[in-house]
Amino acid sequence: MNIFFWILQAVLALLFLAGGSYKAFSFQQLASQFSEVPLGAWRALGFLEMAGGVLLIIPAAFKWMPSLTAHAAAVLTFETFALAVLYARHSTKLSPENPMLWSLVTGVLLAFVTYGRYVLKPVVAAAA
């Protein structure tokens, strides 16, 4: 089960590093599609996602404050579901082009990682 969590964390980390960099550095296109969110908020969300992507792996891998991994997963879960609500305001059509579906699936996977790293298989810090 621990290996499964590591694989899932790595995939999600790459997803959030890529998506976060897109939101942080190419936010004009997003802002034109979703005018409810200002440009600065898209950039802030992008940097939050990139930081979360790093925190999904680094603290647990080095066993330095490994609880940050579970905390990052929890924050990203909340952020992803909030984005799903925002996307749902524009379209609830079930199609692969709808970002709401991708946000919901990613949010469920992050919720599983959060639960897993808090309860099922927590990563413990190295003994000093």
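For the sequence shown, counting from 1, position 115 maps to 115 in UniProt numbering; every step adds exactly one. Glycine included, C-beta positions come from ideal geometry on N, C-alpha and C.
Between which two residues does the alpha helix (DSSP H) carrying residue i extend?
i    : result
I58  : 58–62
E49  : 39–55
L120 : Segment: none, L120 is in no alpha helix (DSSP H) and carries neither H nor E.
S103 : 99–115
S67  : 67–88
F16  : 2–25
Hey, would you say residue i sits closer than 7 Å to residue j, going by beta carbons?
i    : j    : result
A13  : I57  : yes
A74  : T114 : yes
G52  : L76  : yes
L86  : A72  : no
G116 : F5   : yes
Using a Cβ-Cβ cut-off of 6 Å (strictly less than) and excluding sequence neighbours within five positions of residue i, which residues of its own chain qualify?
i   : result
F81 : G107
Between residue i and residue j, what straight-line distance do the alpha-carbon atoms span, to the nearest angstrom?
i           : j    : result
P66         : P59  : 5 Å
M100        : V37  : 15 Å
M50         : K23  : 10 Å
residue 145 : W102 : Shown here, the chain extends from 1 to 128; a query on residue 145 therefore has no answer.
L39         : S21  : 14 Å
So, at 7 Å on beta carbons, what are the nonlocal neighbours of residue i in its own chain, with the 5 sequence-adjacent residues on each side left out?
i  : result
L8 : L109, V113
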